[in-house]
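Peer 1: Each number in the working numbering comes from the position in the sequence shown (counting from 1) with 3 added on.
Glycine residues also receive a C-beta, built at the ideal position from the N, C-alpha and C atoms.
Owing to the predicted nature of the structure, the values given are computational and were not obtained by experimental measurement.
I'd like to ask you about the structure that follows.
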Amino acid sequence: MASLSSATGLAATAASTPTTAPKPFHSLFSRIPRTRITSAAARLRGGRGVCVRAAAPKGVGGRMGAVEEKLGIAVERNPAETKLSDLGVKLWPKWGCPPSKFPWTYSDKETCYLLKGKVKVTPAGSTESVEIQAGDLVVFPEGMSCTWEVSETVDKHYKFG
């Protein structure tokens with residue numbers, strides 16, 4: 004049996020590496036998207052990767068694509084490309100802003116998709132805020148007054164109405 008130590012730095016052998024990924028032990032995990040990872044050990048087995056389930060990034064609650072509403076602001080973390088395409092996001096106007104802090108009032112409902120950046124949005128009269136970042140699809144309600152605190156340069160697509 005050939006040792007994998009030369010290819011991977013591991014002292015494992017090809018026989019000790021499983022050839023198939025285990026099935027999920029709970030149906031809850033079937034809702035989390037799968038990602039194929041091909042390691043050096045898998046390449047030595049003929050290129051088959053290991054199928055794993057990806058969880059939401061640390062600090063992001065809920066599952067990917069789930070809409071969370073806080074303080075009247077709806078945020079969907081990492082929506083599916085098909086959803087963005089169906090909404091026509093790439094055809095919406097773009098707006099950008101360097102790090103800054105400013106008040107803003109929404110005269111109409113705004114839906115936006117952040118391409119880059121980080122913002123803390125604090126509705127008027129509230130001590131709590133909502134943090135949004137690149138990859139978020141966000142809906143602000145008509146009539147909301149808030150303060151935007153941009154900590155990383157923002158680039159976004161937006162649509163009113």
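Give every residue of the same chain whose Cβ lies closer than 7 Å to the Cβ of residue 98, excluding the five residues on either side of it in the sequence, and list them in chain order.
Peer 2: So the qualifying residues of the chain are 159, 161.
Peer 1: Pull up the distance between the alpha-carbon of residue 139 and that of residue 90, whole angstroms please.
Peer 2: 14 Å
Peer 1: Kindly identify the DSSP beta-bridge partner or partners of residue 151.
Peer 2: 105, 124
Peer 1: Note the first and the last residue of the continuous beta strand (DSSP E) segment covering residue 139.
Peer 2: 139-143
Peer 1: Got a sec, what are the start and stop residues for the beta strand (DSSP E) residue 73 sits in?
Peer 2: Its beta strand (DSSP E) spans residues 70-73.
Peer 1: Mapping DSSP to helix, strand and coil, what is residue 113?
Peer 2: Three-state DSSP puts residue 113 in a strand.
Peer 1: Which residue from 69, 109, 114, 100 puts its Cα closest to that of residue 126?
Peer 2: 109
Peer 1: Report the CB separation of residue 112 from residue 150 in whole angstroms; it is logged as a contact under 8 Å.
Peer 2: No, residue 112 and residue 150 are not in contact; Cβ-Cβ is about 19 Å, not under 8 Å.
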